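Enquirer: This structure is in structure tokens; I'll ask about it shortly.
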Amino acid sequence: MSTETVPATSPAAARTAARPPASKAPTLRYERTFAARGHRILAGCDEVGRGALAGPVSVGLVAVDLATVRSLKGVRDSKLLSVADRNALVPKIKKWALAWGVGHASAAEIDLHGLTAALRLAGTRAWDQVCLTLRPDVVLLDGNFNWLSPERQGSLFDELDGADASGADDGGCTAEVHTRIKADMQCLSVAAASVLAKVERDAMMVEFAAAHPHYSWEINKGYATGSHRAAIDVHGPTPLHRMSWRLGSRERPGALESGNDLSPVGGMIGP
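Structural data, given as structure tokens:
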């Protein structure tokens, strides 16, 4: 057997060095730990569009039966897949899941309520779709912050009125929510949810691009590319842009450097 090595300066070595390491496929290993805690129906949840300048923020939810679910080949975090691979996975994921849903909150709703509340709104819409079929008893959410559960604000008068100090039920997800950093990379149900949300949101942005051709949404999907910001400088924002965010490449007169609900891209601005 040959023990010859490829010289470090050879083209083959250069190609090998430049090749990114293959990502490990997400599994159901972590999801199955919830079965030991007494859970049966788990929903993986992920969002897309958080950092875009235009279009909705979208939330996917995919419910599985921990007692019977099997692995699904080819699923990765949506950002790691090609357009063709994501599209091909959608019918497979919908057949694999017990129930699924994708909810959206518009740019206007982001402006009105703030990003966190808009995420909750989109997540509630996805939750309601899933609950038409069944009600998960636990949700696994990508990240380290639970933006999905309804906000409950107690009142000073709750004790006097005999009301529950947690506040009235304002709808939305009623299941336990557990967060996990990089769940979209490691957990199959969450990765599947990210694929459904990504494909549906991307299709919306392509459709929006036909009516607003200056911004190349069919390519950038509303995210903050240099050409997108430059187009906003020239043509101004549309009703589909998040008006409370810093949009163009030039500062707006009187704009604050940051607001009370910072975005991952550039930050929001004050009034």
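Using this note's numbering, the letters of the sequence shown correspond one by one to residues 1399 to 1669.
Glycine is no exception: its CB is placed at the ideal position from the N, C-alpha and C atoms.
Treat the numbers as computed from the prediction; the structure is a model and nothing was measured.
Could you please give the first and the last residue of the uninterrupted beta strand (DSSP E) stretch that includes Asp1540?
Expert: Segment 1536 to 1540, the beta strand (DSSP E) holding Asp1540.
Enquirer: Quick one: what's got a C-beta closer than 8 Å to Arg1648's C-beta in the same chain, skipping five residues either side?
Expert: Closer than 8 Å at Cβ, skipping near neighbours: Asp1631.
Enquirer: What residues are listed by DSSP as bridge partners for Ile1439?
Expert: Bridge partners of Ile1439: Asp1463.
Enquirer: So what does DSSP say about Ala1622, is it helix, strand or coil?
Expert: Coil, per DSSP.
Enquirer: What alpha helix (DSSP H) runs, 4 residues minimum, are completely inside the segment 1587 to 1651?
Expert: DSSP runs (the alpha helix (DSSP H)) wholly in the segment 1587 to 1651: 1615 to 1618, 1624 to 1633.
Enquirer: Could you round the C-beta distance between Gly1458 and Asp1444 to whole angstroms and report it? I think they count as a contact, below 8 Å.
Expert: Yes, Gly1458 and Asp1444 are in contact; Cβ-Cβ is about 6 Å, under 8 Å.
Enquirer: In the DSSP assignment, the beta strand (DSSP E) including Trp1498 goes from what residue to what residue?
Expert: Taken as a continuous stretch (DSSP letters only), the beta strand (DSSP E) holding Trp1498 covers 1497 to 1503.
Enquirer: Excluding the five sequence neighbours on either side, which residues of its own chain have a C-beta within less than 8 Å of the C-beta of Arg1430, listed in chain order?
Expert: Cβ within range, chain order: Leu1464.
Enquirer: Where does Ser1456 sit, in a helix, a strand or coil, going by DSSP?
Expert: The answer is strand: DSSP assigns Ser1456 an E or B state.
Enquirer: Quick one: measure Cβ to Cβ for Leu1538 and His1576, integer angstroms, because I've assumed they're closer than 8 Å.
Expert: 6 Å between Cβ atoms; contact.
Enquirer: Should Thr1522 be labelled buried (16 or more other beta-carbon atoms within 10 Å of its own) or exposed?
Expert: Buried, since its Cβ has 16 or more Cβ neighbours within 10 Å.
Enquirer: Can you tell me which residues form a DSSP beta bridge with Cys1585?
Expert: Thr1425.
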